[in-house]
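Residue numbers (the numbering used here): 545 to 873. Note that the Cβ used here is the ideal one computed from N, Cα and C, for glycine as well.
This is the structure we're talking about:
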């Protein structure tokens, strides 16, 4: 490789040394110089026998920010070295764009679990529904890591609103797969989504799955979920209780259901202030006079934020009642 810069040429030649310490000095120096005239030789360093050299080469190419290195970096996504995979994923996360889609989809055909998982992650940045046919087989992969990556990526794809093959993952034997499936179902509109989420909220043994189900139900904002969310207000885990209250907050903005009042009033005495605060907001959004006396007691809550929200909810209920009665607020 020819160059008019003697210093650059010196480091390029040293990068071919049999001595690892020489190659490390060379690749670090090339990174410091940041001269794209060395791009091709830095690409070659991706195949160096030393992981340390490879990692610096990846970082250097990332700093060059030249899209032409994308096909050269993709194989590193499947490296046996976890740090190399992570560095490559970070670099490509900044470099890939819509123009990289076909290249990434083609790489999915390679039989390398690490590479496939990282490609699925990168597809989230592009959001293109063209990825869907390539992604669907991974929802049924024998590897839970691939099922998790695929079900997560599914919710990032533009205009994808139905996917019957996603529903079974809410019953996957692996907890971390079900957690992501629950969140993804919040963005899908299949007929069985709400019933499936409701069943999981009642029965799933993993509290993080149940919490994610409440988040998904909040996105849907469907009144059909009110009964199961009322039950979740008494869930054994405080985060499930809190996010169930948040889901009810959203639903109550458009659908009023006073069946929730007893459970919400009881939850105003929850041991966690975050739960009490969100319950107070939910009662305000419900807009029922039946909640005022309990909210007035919450004005003395030891947590200042809870008392503030209780006061706001009382005013919200009064305003709502005035509007309903046709009186000025």
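- Helix, strand or coil: how does DSSP classify residue 816 here? coil
- Query: When the Cα of residue 684 is compared with those of 819, 725, 569, which residue comes out closest?
  - Reply: 725
- Task: Starting from residue 600, follow the alpha helix (DSSP H) in both directions and report where the run begins and ends.
- Result: Run containing residue 600: 595-608, per the alpha helix (DSSP H) assignment.
- Message: Buried or exposed, going by whether 16 or more other CB atoms sit within 10 Å of the CB of residue 721?
- Response: buried
- Residue nearest to residue 619 in terms of C-alpha spacing, selected from 761, 607, 653, 610: 653
- Query: So, residue 699 versus residue 713, is the Cβ gap smaller than 8 Å?
  - Reply: no
- Task: Could you please give the first and the last residue of the uninterrupted alpha helix (DSSP H) stretch that includes residue 788?
- Result: 782-796
- Message: In this structure, how does DSSP classify residue 707 when only helix, strand and coil are distinguished?
- Response: coil
- Query: Just how far apart, CA to CA, sit residue 833 and residue 855?
  - Reply: 14 Å
- Query: Buried or exposed: where does residue 564 fall if 16 or more other Cβ atoms within 10 Å of its Cβ makes it buried?
  - Reply: exposed
- Between the Cα of residue 732 and the Cα atoms of 567, 746, 774, 710, which residue gives the shortest distance? 710
- For the alpha helix (DSSP H) containing residue 691, list its first residue and its last residue. 688-698
- Task: Drop a sphere of 10 angstroms on the beta-carbon of residue 605, count the other beta-carbons inside from all chains shown, and report buried for 16 or more, exposed for fewer.
- Result: buried
- With 16 as the cutoff for other CB atoms within 10 Å, does residue 763 come out buried or exposed? exposed
- Message: Please return the same chain residues whose Cβ sits closer than 8 Å to the Cβ of residue 780, not counting the five positions on each side in sequence.
- Response: Excluding sequence neighbours, residue 780 sits near 751.
- Rounded separation between residue 640 and residue 667 - CA only: 9 Å
- Task: Give the straight-line distance between the Cα atoms of residue 771 and residue 821, rounded to the nearest whole angstrom.
- Result: Going by the C-alpha atoms only, they are around 21 Å apart.
- Item | Distance CB(residue 662)-CB(residue 633) smaller than 8 Å | Yes, the pair counts as a contact, with Cβ atoms nearer than the cut-off.
- Query: In terms of alpha-carbon separation, which member of 816, 647, 797 lies closest to residue 614?
  - Reply: 647
- Query: Tell me which same chain residues have a C-beta within less than 7 Å of the C-beta of residue 812, skipping the five on either side of it?
  - Reply: 820, 823, 824, 838, 842
- Which of helix, strand or coil does DSSP assign to residue 674? helix
- Message: Between which two residues does the alpha helix (DSSP H) holding residue 571 run?
- Response: 564-577
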